[in-house]
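S.K.: Taken in order, these protein sequences are the chains called A and B. Heads up: the first sequence begins at 10 in the working numbering, then just goes up one per residue. Heads up: the second sequence begins at 10 in the working numbering, then just goes up one per residue. The beta-carbon is built from N, C-alpha and C at its ideal position, and this holds for glycine as well. Keep in mind the model is a prediction, meaning the values are calculated, not measured.
Number of protein chains: 2
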Amino acid sequence: MARTKNPAARSLLIDRAAQMLRAREPVTLRSLVAGTGVSTMAVYTYFGGMDGLWKAVRQEGFARLAARLATVTTPEDPVRELACLGSAYLSNALDNPDLYRVMFDATFDLEDPGASDESLRHLVRAAERARSAGRFRDDVDPLELATQSWIIGHGLASLVATGPLPRHMLAQAVPLLTGLFVGAGDEPVRCRRSVELGWRRPYPDDGRGT
Amino acid sequence: MARTKNPAARSLLIDRAAQMLRAREPVTLRSLVAGTGVSTMAVYTYFGGMDGLWKAVRQEGFARLAARLATVTTPEDPVRELACLGSAYLSNALDNPDLYRVMFDATFDLEDPGASDESLRHLVRAAERARSAGRFRDDVDPLELATQSWIIGHGLASLVATGPLPRHMLAQAVPLLTGLFVGAGDEPVRCRRSVELGWRRPYPDDGRGT
DNA sequence: TAAGAAACCATAGCGCTGTTATGTATCGTG
DNA sequence: CACGATACATAACAGCGCTATGGTTTCTTA
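1. What is the C-beta distance between residue 185 of chain B and residue 189 of chain A, in whole angstroms, given that I count them as a contact (C-beta under 8 Å)?
2. Taking any Cβ of chain A, which residues in the region 152-178 of chain B have a Cβ under 8 Å from it, in chain order?
3. Which residue marks the beginning of the alpha helix (DSSP H) containing residue 190 of chain B, and which one marks its end?
4. Is residue 206 of chain B close to chain A? Criterion is C-beta to C-beta, closer than 8 Å.
5. What does a CB cutoff of less than 6 Å around residue 149 of chain A pick up in its chain, not counting 5 residues either side in sequence?
6. For residue 177 of chain A, count the other beta carbons within 10 Å of its own beta carbon; 16 or more makes it buried, fewer makes it exposed. Which is it?
7. Please tell me whether residue 194 of chain B has its Cβ less than 8 Å away from any Cβ of chain A.
8. Using the Cα positions of residue 25 of chain B and residue 196 of chain A, report the straight-line distance between them to the nearest angstrom.
9. Contact defined as beta carbons within less than 8 Å: I believe residue 158 of chain A pairs with residue 91 of chain A. What is the distance between those atoms, to the nearest angstrom?
10. Just to confirm, are residue 51 of chain B and residue 18 of chain B a CB contact at a threshold of 8 Å?
11. Which residues in the same chain have their Cβ closer than 8 Å to the Cβ of residue 36 of chain B, if we skip the five residues on either side of it in sequence?
12. State yes or no: is the C-beta of residue 55 of chain A within less than 8 Å of the C-beta of residue 108 of chain A?
13. Verify the CB distance criterion: does residue 224 of chain A have a CB-CB separation below 8 Å to chain B?
14. Output the distance between the C-alpha atoms of residue 103 of chain A and residue 187 of chain B, rounded to the nearest integer angstrom.
15. For a cutoff of 8 Å on Cβ pairs, would you count residue 181 of chain A as touching chain B?
16. According to DSSP, is residue 87 of chain A part of a helix, a strand, or is it coil?
17. Going along the chain, which residues of its own chain have a beta-carbon closer than 8 Å to the beta-carbon of residue 220 of chain A, five neighbours each way excluded?
18. Would DSSP call residue 201 of chain A helix, strand or coil?
19. Residue 207 of chain B by DSSP, collapsed to three states: which one?
20. For my contact list, residue 220 of chain B and residue 208 of chain B are in at a C-beta cut-off of 8 Å; report their separation, rounded to the angstrom.
21. So with CB distances below 9 Å, who are the chain B contacts of residue 113 of chain A?
22. For residue 125 of chain A, go through chain B and note every residue whose CB falls closer than 8 Å to its CB, in chain order.
23. Find the nearest neighbour of residue 83 of chain B within the set B:136, B:174, B:147, B:14, judged by alpha-carbon distance.
24. For residue 33 of chain A, which residues of its own chain have a beta-carbon under 8 Å away from its beta-carbon, when the five flanking residues on both sides are left out?
25. How about residue 191 of chain B: is its C-beta nearer than 8 Å to some C-beta of chain A?
26. Identify, in the order they occur along the chain, each residue of the same chain with its Cβ nearer than 8 Å to the Cβ of residue 146 of chain A, setting aside the five sequence neighbours on each side.
27. On the three-state DSSP scale, how would you describe residue 68 of chain B?
28. Within the same chain, show all residues whose beta-carbon is closer than 6 Å to that of residue 204 of chain A, passing over the 5 residues directly before and after it, in chain order.
29. Helix, strand or coil: how does DSSP classify residue 156 of chain B here?
30. Within the 8 Å Cβ cut-off, does residue 187 of chain A reach chain B?
31. Roughly how many angstroms lie between the CA atoms of residue 95 of chain B and residue 70 of chain A, to the nearest whole one?
32. Among the candidates B:142, B:160, B:174, whose CA atom is the shortest distance from the CA of residue 89 of chain B?
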């Protein structure tokens, strides 16, 4: 019994915010709605304010990351797949450094506490496959190993994308991941080869996350 | 032939900013100088604006981190010392999560490009000692290994201090660092013992960095 | 010692921000 | 068809970082 919202406006604003973030333009309430035809009040109708907008943008960032990780499929070698996932993760972070920063900028709390869970699940499943394939010991907890991979990936992404580390330091991912997987039980020489393969040729289909 | 600045005011403002950051109070130009007796113009005389203040605060954060790492000394076991340094690093980050975030928030560029170098040097020296002691292979580059340790430490600190990972995930540092050091050539069982020792009893003197 | 100049500092105001109050237009519903 | 709830447009408000303008302080120098 009322005027209905235009759901297109909501995603339009999120997309525009992500786009301005990528263009390194300051995202303010007025600059966000300028040229879109919608007024400043729309931000309050759909998000309740700028904080709500940032929450939505962050969730969108996690959604795009999950979509990007979903394009990775290398069924024959699960350790290589893990390296592929790490490479895709870093590639996504470096393509959208400002969006990546917003995703982990917890000045305000998350609207969806499990926003990052779906991305982590990709890693967990790959770790499970690696254990089932006999590459990891049976006592390896896939969730723990996935978390450890995430820690390495996030540390590298954060220090390189917006931090003091130069870009060529991305290569440190290979020894780091190799050390992690060997510690989980993989045979060193074979592991190194799998990780290097997965790292150099990151993912079969480049899903060019915006 | 002029009036000299009061150097006390500069460090007073930096300290107050760090204190407000820790208390999670919003640090604005006016709220910063309120109650200190100095006027808003002081921020411009000493820092050239709020950006300059944040740069100074960030440098202060790195200085405190370096001072904290300097208290770590375990000459007999360099691998344990590396774990000690990692533990001190994380302890510092978790004690001042907001200051830690500002340190790595590169919205504006750094005033001192080598601000983080001194902290890294502690790690490099420990890695050199570990190599000299025969714990690491001769072909291990201490700078690379220090950087890799930093990546792990920062990833963990960032995800736990202000991110989505619960605090008990700090324990992941032990397998991560062990994997890294074993990959550098250390003997697995002995390495694990050294890392656990260094991690549990982080540093002899707790220099309680503010 | 006294004049002069350079720098610090206090005040007021500018343009911008996010937010909210108020009135209008518009759509779903009875 | 008419009611009422809700989206939308406009304008105003407090607060933000910043800057222009004098006044005051302090060091230098003749």
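M.R.: Let me spell this out:
1. Residue 189 of chain A and residue 185 of chain B do touch by the CB rule: their CB atoms are close to 7 Å apart, below 8 Å.
2. Of all residues in the region 152-178 of chain B, the ones placed with a Cβ closer than 8 Å to any Cβ belonging to chain A are 153, 156, 157, 159, 160, 161, 162, 163, 164, 165, 167, 168, 171, 172, 173, 174, 178, in chain order.
3. Residues 182-192.
4. No - not a single Cβ of chain A is within 8 Å of the one on residue 206 of chain B.
5. Counting only residues of its own chain and dropping the five nearest sequence neighbours on each side, residue 149 of chain A has a CB closer than 6 Å to the CB of 140, 193.
6. Around the C-beta of residue 177 of chain A, fewer than 16 other C-beta atoms lie within 10 Å, and the residue is accordingly described as exposed.
7. With a threshold of 8 Å between beta carbons, residue 194 of chain B makes no contact with chain A.
8. In a straight line, the C-alpha of residue 25 of chain B is about 53 Å away from that of residue 196 of chain A.
9. Between residue 91 of chain A and residue 158 of chain A the Cβ distance is about 6 Å, and since that is below 8 Å, they are a contact.
10. Cβ atoms of residue 51 of chain B and residue 18 of chain B: closer than 8 Å.
11. Take residue 36 of chain B, set aside five residues on each side of it, and the residues of its chain with a beta-carbon closer than 8 Å to its own are 26, 29, 30, in chain order.
12. No, these two residues do not count as a Cβ contact at 8 Å.
13. This structure leaves residue 224 of chain A out entirely; chain A is present only between 10 and 219.
14. One alpha carbon belongs to residue 103 of chain A, the other to residue 187 of chain B, and they sit about 28 Å apart.
15. Taking Cβ atoms only, chain B reaches closer than 8 Å to residue 181 of chain A, which makes this a yes.
16. In the structure shown, residue 87 of chain A falls within a helical segment according to DSSP collapsed to helix, strand and coil.
17. Missing from the structure shown is residue 220 of chain A; chain A here goes from 10 to 219 and no further.
18. In this structure, residue 201 of chain A counts as helix in the three-state DSSP scheme.
19. In the structure shown, residue 207 of chain B sits in a helix (DSSP, three-state: H, G or I).
20. The displayed coordinates of chain B run from 10 to 219. Any statement about residue 220 of chain B would go beyond what the structure contains.
21. For residue 113 of chain A, the residues of chain B that pass the 9 Å Cβ criterion are 167, 168, 171, 172, 173, in the order they occur in the chain.
22. Going along chain B in sequence order, the residues near residue 125 of chain A (Cβ under 8 Å) are 173.
23. That would be B:136, whose Cα lies nearest to the Cα of residue 83 of chain B.
24. 107, listed in sequence order.
25. Chain A has a Cβ within less than 8 Å of the Cβ of residue 191 of chain B.
26. Excluding residues within five positions, the ones whose Cβ falls inside 8 Å are 140, 193, 194.
27. Assigned with DSSP and collapsed to three states, residue 68 of chain B falls in helix.
28. Apart from sequence neighbours up to five positions away, the residues of its chain that approach residue 204 of chain A with a beta-carbon distance below 6 Å are 92, 183, 186, 187, ordered along the chain.
29. Note: residue 156 of chain B maps to helix in three-state DSSP.
30. Chain B, which has a Cβ nearer than 8 Å to the Cβ of residue 187 of chain A, makes this yes.
31. Each residue's Cα considered, the two are about 30 Å apart.
32. Per the Cα distances, B:142.
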